[in-house]
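Okay, structure first, notes after.
Residue numbers (UniProt numbering): 1 to 109.
As structure tokens, then:
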């Protein structure tokens, strides 16, 4: 297994779920961001658990495929925060609109 870990840890919430099922995985590498996984996974038997949005991006170029997890896991919410002074900045508004388009609820911003 491979995983994305901002802190460099080789375990995460999936390991907690597997432990409850008396199972474990063998993590061989961690990357700080999801976008590095496609290159590392292509042509190997290494797998990674990633959010749906990351799977869509990683599989778009080919070389890897995605499947639903065979176990139930908790869900996560994504939040976005910014300084109030940036509310009307054109660049910031554009960035928030792109993030909303890809990830968000239309009423969230």
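Ideal placement from N, C-alpha and C gives every residue a C-beta, glycine not left out.
Item	Value
From residue 69 to residue 49, what distance separates their C-alpha atoms?	8 Å
Nearest CA to the CA of residue 26: which residue from 12, 33, 39?	12
Give a yes or no on whether the C-beta atoms belonging to residue 54 and residue 29 are separated by under 9 Å.	no
Taking just the CA atoms, how far does residue 103 sit from residue 79?	10 Å
According to DSSP, is residue 50 part of a helix, a strand, or is it coil?	coil
Tell whether a beta-carbon distance below 9 Å holds between residue 2 and residue 71.	no
Tell me the DSSP secondary structure of residue 57 in three-state form.	helix
Which residues mark the beginning and the end of the alpha helix (DSSP H) in which residue 37 is found?	37-41
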